[in-house]
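K.L.:
Can you read through this structure? Questions will come right after.
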Amino acid sequence: MPLTSRQLKQLQTAWRDVNGNLPKKQAAELWTKFRAANNHFFERLKHHIESQRVAAATEGRSSVPSSADESLVRKRELANRAEALLSVPSNQAVNQAKALQAEWKQSGAVRGPESDRLWQRFMLACDKVFEMSALDYYLRKRQAEGTTSTPNERALAATTALRKFIENDRQELDLLRDNLDKLSSASANDQFRQLLQGKIRTFERKIQTKTELIAIFSATTSAASH
């Protein structure tokens with residue numbers, strides 16, 4: 023299963039690279055087939071996980087992973103599934119990302135560097151889904167009614183918007199860091215300090231997410247220009 027997950031991820035990356043160069047009708051037809059293949063894979067994965075849960079229940083074991091290795095396997099699959107959501111329309115991807123977040127909470131607690139890396143991958147993938155949903159809404163609101171845009175035009179508009187959003191995020195981040203620097207080290211400020219540190223991490227992640235989305239859209243425009 024891990025090998026299949028890696029292969030699927032490679033195919034999803036390849037799809038993003040070629041999708042922007044296809045005529046709209048052909049892209050829609052191919053997307054329907056590609057999405058069906060994605061859904062088939064994850065349906066098989068769902069049945070595989072469910073069969074493990076049933077077997078665990080039959081043997082009187084908890085459905086929560088009983089070993090660190092089993093938890094890591096589930097977390098790898100959840101990270102792969104979250105990353106695959108960028109190939110899914112944003113209105114569907116958001117609900118699926120929320121469902122995956124709920125599954126993650128049930129995947130068992132694991133400590134160690136790989137677990138930390140998987141968590142970062144998973145959260146970044148979910149963040150991208152939510153950012154893409156917000157970006158799609160922003161672009162739709164600003165597109166003249168009755169007009170259409172090519173994939174390349176949409177990618178350029180998305181890149182411009184994301185850079186604007188990053189600029190706003192950086193201003194907020196600078197303000198938060200400035201407030202943290204000015205905060206005295208008195209223990210009475212510990213709770214507020216933790217609040218500021220949490221907000222700083224949130225904006226750092228927002229900037230990272232948008233930066234990686236820009237790279238994806240830039241690859242689309244670069245491919246279209248060749």
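Numbering (our numbering) for the sequence shown: 23 to 248.
Glycine included, every Cβ here is placed at the ideal spot set by N, Cα and C.
#1: Mapping DSSP to helix, strand and coil, what is Val110?
#2: How is Thr224 classed by DSSP in three states: helix, strand or coil?
#3: When you compare each of Asn102, Pro173, Gly130, Gln213 to Ala119 by their alpha carbons, which one comes out closest?
#4: Thinking C-alpha only, which one of Ser155, Lys97, Asp149 is nearest Gln114?
#5: How big is the Cα-Cα spacing for Asn201 and Ala124?
#6: Considering only their Cβ atoms, is the gap separating Lys55 from Leu108 smaller than 8 Å?
#7: Whose C-beta lies closer than 6 Å to the C-beta of Phe225 among residues of the same chain, with five residues either side of it excluded?
#8: With the cut-off set at 8 Å, would you say Thr242 and Ala177 are in Cβ contact?
#9: With DSSP collapsed to three states, give me the class of Val151.
#10: Since I believe Leu235 is in contact with Leu218 (beta carbons under 8 Å), could you give me their beta-carbon distance rounded to a whole number of angstroms?
#11: With DSSP as the reference, label Thr231 as helix, strand or coil.
#12: Would Phe144 and Leu100 be called neighbours here (beta carbons separated by less than 8 Å)?
#13: Run through DSSP, which three-state label would Ala166 get?
P.N.:
Taking the definition as stated:
#1: On the sequence shown, residue 110 is found 88 positions in, with the first residue counted as 1. Looking at Val110 - three-state DSSP - the assignment turns out to be coil, as it is neither helix nor strand.
#2: In the sequence shown, residue 224 corresponds to position 202, counting from 1. For Thr224, the secondary structure class from DSSP, reduced to helix, strand or coil, is helix.
#3: Position 97 of the sequence shown holds residue 119. Ranking Asn102, Pro173, Gly130, Gln213 by Cα distance to Ala119 puts Asn102 first.
#4: On the sequence shown, residue 114 is found 92 positions in, with the first residue counted as 1. Comparing Cα positions, the closest option is Ser155.
#5: Within the sequence shown, numbered from 1, the residue matching residue 201 stands at position 179. Within the sequence shown, numbered from 1, the residue matching residue 124 stands at position 102. Whole-angstrom Cα-Cα distance: 34 Å.
#6: Indexing the sequence shown from 1 puts residue 108 at position 86. Indexing the sequence shown from 1 puts residue 55 at position 33. It is not a contact, given that the beta carbons lie outside the stated cut-off.
#7: For the purposes of this step, residue 225 is taken as the residue at position 203 of the sequence shown. Only Asp191, Glu194, Leu195 meet the Cβ criterion.
#8: In the sequence shown, residue 242 corresponds to position 220, counting from 1. In the sequence shown, residue 177 corresponds to position 155, counting from 1. Result yes, Cβ atoms of Thr242 and Ala177 sit closer than 8 Å.
#9: The count along the sequence shown starts at 1 and reaches residue 151 at position 129. DSSP, read as helix, strand or coil, puts Val151 in helix.
#10: Against the sequence shown, residue 218 aligns to sequence position 196. Against the sequence shown, residue 235 aligns to sequence position 213. Between Leu235 and Leu218 the Cβ distance is about 26 Å, and since that is not below 8 Å, they are no contact.
#11: By one-based count along the sequence shown, residue 231 stands at place 209. Helix, per DSSP.
#12: The residue given as residue 144 occupies position 122 in the sequence shown. The residue given as residue 100 occupies position 78 in the sequence shown. Cβ distance < 8 Å, so Phe144 and Leu100 count as in contact.
#13: The sequence position of residue 166 within the sequence shown is 144, counting from 1. Note: Ala166 maps to coil in three-state DSSP.
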